[in-house]
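Enquirer: My questions will all concern the structure given below.
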Amino acid sequence: MSEHVEHGPRHYVKIYIVLLVLFVVSLIGPEIGIRWLTLITAFGIAVVKALLVASHFMQLNIEKKLIWYVLISMLLACVVFYAGVAPDVMRAEGENWKNTSSLKLIEEHKNYKAESEH
Amino acid sequence: MSFVPDATKRSNTGIMTGKLAVWWIVGSEIVIFGGLLGAYIMMRLKYDFWAEQSAFTNTMAGAINTFILLTSSLFIVLAHHYAEKKDHIRCFIYIWLTIGGALSFLLVKSLEWASEIHHGYTITSHLFWSFYYTAAGVHGLHVIAGAIIMVFISFDVLKQKNLHRVENIGIYWHFVDLVWIFLFPLLYIAK
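Taken in order, these protein sequences are the chains called A and B. Numbering of the first sequence is given in the numbering used here, commencing with residue 2 and proceeding in unit increments. Numbering of the second sequence is given in the numbering used here, commencing with residue 61 and proceeding in unit increments.
Next up, the structure:
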């Protein structure tokens with residue numbers, strides 16, 4: 002069996018309660034309707050919860066560094082994928098090209114932003 | 061000479077071979093889900109009017125499933141704790157509580173999807189729903205796979221065999237929970 006610091010059930014239950022509290026906050030925050038608050042409570046708290054699960058439940062806080070290197074390199078691969086394709090995917094036209102179906106969709110919904118702000 | 065499974069020995073890294081293998085699986089899953097969710101984020105930022113479709117996701121069902129998965133994560137880490145203590149009965153009970161969580165998750169998801177499909181929100185009705193069903197569906201397949209593996213491990217635990225596998229399936233299960241922690245705000249909260 003793996004070697005690790007001895008944590009009893011109480012420790013895990015404490016972390017679980019913290020996760021539940023964060024979960025409730027992440028549900029309530031977006032209801033207030035302020036965009037930056039939604040980003041912080043929904044997504045920021047998701048990152049905090051993920052780190053708590055990873056460090057305490059998956060015991061990454063006492064795991065060998067090799068595991069961290071494996072996981073971080075996989076995350077970096079995702080970042081490279083995103084950075085590599087986002088400049089093209091997130092635009093509807095460029096210098097020598099047009100995504101006509103994308104442009105059509107955006108045109109059909111061009112009043113969406115104006116309507117949603119009213 | 062007695063036979064010792066390779067998964068119980070240490071590799072040159074100093075980590076048990078079986079555990080190292082599970083971490084590699086988790087690493088590969090990061091790329092799978094990271095790519096899928098990255099693609100969704102790109103499209104969602106480009107087509108902000110997708111909010112018209114995402115308004116119809118069932119946040120209550122998503123919230124119930126988040127609670128279920130967080131609780132099942134607690135159960136499996138307690139199962140690991142009791143496996144370390146060689147308390148195979150308690151370990152077995154907590155593994156089956158985790159499996160119960162998995163089944164509850166799948167039940168809620170089935171009811172949720174049945175309602176959405178009944179209202180016409182199918183995988184082909186809109187690109188948002190294509191992403192929604194693909195991401196949640198692939199995640200659901202991982203839940204099913206994890207539950208099946210836990211069933212097999214639980215019977216070994218009852219015979220007091222291969223207790224190290226409880227930690228390994230625990231790592232996998234926590235990752236399934238982690239993916240849902242990000243899926244929930246992306247699909248249910250960002251409306």
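From the three backbone atoms N, C-alpha and C, an ideal C-beta is built for every residue, glycine too. Just so it is clear, the structure is predicted and the values come from calculations on it, not from any experiment.
Could you name the residues of the stretch 224–244 of chain B whose beta carbon sits closer than 7 Å to any beta carbon of chain A, in the order they occur along the chain?
Expert: Answer in chain order: 224, 227, 231, 234, 237, 238, 241, 242.
Enquirer: For residue 120 of chain B, which beta-bridge partners are listed by DSSP?
Expert: Answer is none; residue 120 of chain B lacks a bridge partner.
Enquirer: Sorted by chain position, which residues of the same chain lie with C-beta nearer than 6 Å to residue 148 of chain B's C-beta, five sequence neighbours on each side aside?
Expert: Closer than 6 Å at Cβ, skipping near neighbours: 217, 220.
Enquirer: Taking only beta-carbon atoms, is residue 192 of chain B less than 8 Å away from chain A?
Expert: Residue 192 of chain B does not count as touching chain A.
Enquirer: Take every Cβ of the stretch 194–214 of chain B, pair it with every Cβ of the stretch 156–169 of chain B, and state whether three or more of those distances are shorter than 8 Å.
Expert: Taking 8 Å as the limit for Cβ pairs, the verdict is that the stretch 156–169 of chain B does touch the stretch 194–214 of chain B.
Enquirer: At the 8 Å Cβ level, is residue 91 of chain B part of the contact set with chain A, yes or no?
Expert: Judged by the 8 Å Cβ criterion, residue 91 of chain B is in contact with chain A.
Enquirer: For a cutoff of 8 Å on Cβ pairs, would you count residue 76 of chain A as touching chain B?
Expert: It does; some Cβ of chain B falls within 8 Å.
Enquirer: Step through the CB atoms of chain A and report whether any lies within less than 8 Å of the CB of residue 173 of chain B.
Expert: Chain A contact via Cβ: absent.
Enquirer: Please list, in chain order, all residues of the same chain as residue 138 of chain B whose beta carbon is under 6 Å from its beta carbon, the five residues on each side excluded.
Expert: So the qualifying residues of the chain are 154.
Enquirer: Between the beta-carbon of residue 247 of chain B and the beta-carbon of residue 207 of chain B, is there less than 8 Å?
Expert: No, Cβ-Cβ distance for residue 247 of chain B and residue 207 of chain B is not below 8 Å.
Enquirer: Taking only beta carbons into account, state which residues of the stretch 132–147 of chain B come closer than 7 Å to chain A, listed in chain order.
Expert: Taking 7 Å as the Cβ-Cβ cut-off against chain A, the residues of the stretch 132–147 of chain B that qualify are 133, 134, 137, 138, 141, 144.
Enquirer: Using only the alpha-carbon positions, how far apart do residue 118 of chain B and residue 36 of chain A sit?
Expert: Cα to Cα, the separation comes out at about 20 Å.
Enquirer: Would you give the residue range spanned by the alpha helix (DSSP H) that residue 94 of chain A belongs to?
Expert: That residue, residue 94 of chain A, is in no alpha helix (DSSP H); it is neither H nor E in DSSP.
Enquirer: Have a look at B/95, B/91, B/76 and flag the residue whose alpha-carbon is nearest the alpha-carbon of residue 86 of chain A.
Expert: Among B/95, B/91, B/76, the Cα nearest to that of residue 86 of chain A belongs to B/95.
Enquirer: Compare the C-beta of residue 65 of chain A against all C-beta atoms of chain B and say whether one is closer than 8 Å.
Expert: Judged by the 8 Å Cβ criterion, residue 65 of chain A is in contact with chain B.
Enquirer: Could you give the first and the last residue of the continuous alpha helix (DSSP H) run that contains residue 210 of chain B?
Expert: Per DSSP, residue 210 of chain B belongs to the alpha helix (DSSP H) from 187–218.
Enquirer: What does a CB cutoff of less than 6 Å around residue 27 of chain A pick up in its chain, not counting 5 residues either side in sequence?
Expert: Excluding residues within five positions, the ones whose Cβ falls inside 6 Å are 42, 43, 46.
Enquirer: From the DSSP output, in three-state form, read off residue 15 of chain A for me.
Expert: If DSSP states are grouped into helix, strand and coil, residue 15 of chain A belongs with the helices.
Enquirer: Going along chain A, which residues have a C-beta under 9 Å from residue 106 of chain B?
Expert: Ordered by position in chain A, the residues that pass the 9 Å Cβ test against residue 106 of chain B are 90, 91, 92, 93, 103, 107.
Enquirer: Identify the contact partners of residue 72 of chain A in chain B, using a Cβ-Cβ distance below 9 Å as the criterion.
Expert: Under the 9 Å cutoff, chain B gives 83, 86, 87, 90.
Enquirer: Based on DSSP bridge pairs, tell me the residues matched to residue 99 of chain A.
Expert: A/94.
Enquirer: Would you decide whether residue 223 of chain B is buried or exposed? Buried here means 16 or more other CB atoms lie within 10 Å of its CB.
Expert: So residue 223 of chain B counts as buried.
Enquirer: Going by Cα to Cα distance, which pick from B/141, B/198, B/134 is closest to residue 233 of chain B?
Expert: The residue with the shortest Cα to Cα distance from residue 233 of chain B is B/134.
Enquirer: In angstroms with no decimal places, state the Cα-to-Cα distance between residue 192 of chain B and residue 14 of chain A.
Expert: So the alpha carbons of these two residues sit roughly 32 Å apart.
Enquirer: Please classify residue 103 of chain B: does DSSP put it in a helix, a strand, or coil?
Expert: Residue 103 of chain B: helix per DSSP, three-state reduction.
Enquirer: Taking any Cβ of chain B, which residues in the stretch 23–44 of chain A have a Cβ under 8 Å from it, in chain order?
Expert: Those would be 24, 27, 28, 31, 39, 43, 44, in chain order.
Enquirer: From residue 243 of chain B to residue 198 of chain B, what does the alpha carbon distance come to, in whole angstroms?
Expert: The straight-line gap from Cα to Cα measures roughly 11 Å.
Enquirer: Measuring only between beta-carbons, confirm whether residue 54 of chain A sits less than 8 Å from chain B.
Expert: Residue 54 of chain A counts as touching chain B.
Enquirer: Ends of the alpha helix (DSSP H) at residue 181 of chain B?
Expert: Note, residue 181 of chain B: premise wrong, no alpha helix (DSSP H); not H, not E.
Enquirer: Helix, strand or coil: which one does DSSP assign to residue 59 of chain A?
Expert: Correct three-state label for residue 59 of chain A: coil.
Enquirer: Taking just the CA atoms, how far does residue 187 of chain B sit from residue 177 of chain B?
Expert: About 15 Å.
Enquirer: So which of B/227, B/115, B/129 has the shortest CA-CA distance to residue 189 of chain B?
Expert: Answer by Cα proximity: B/115.
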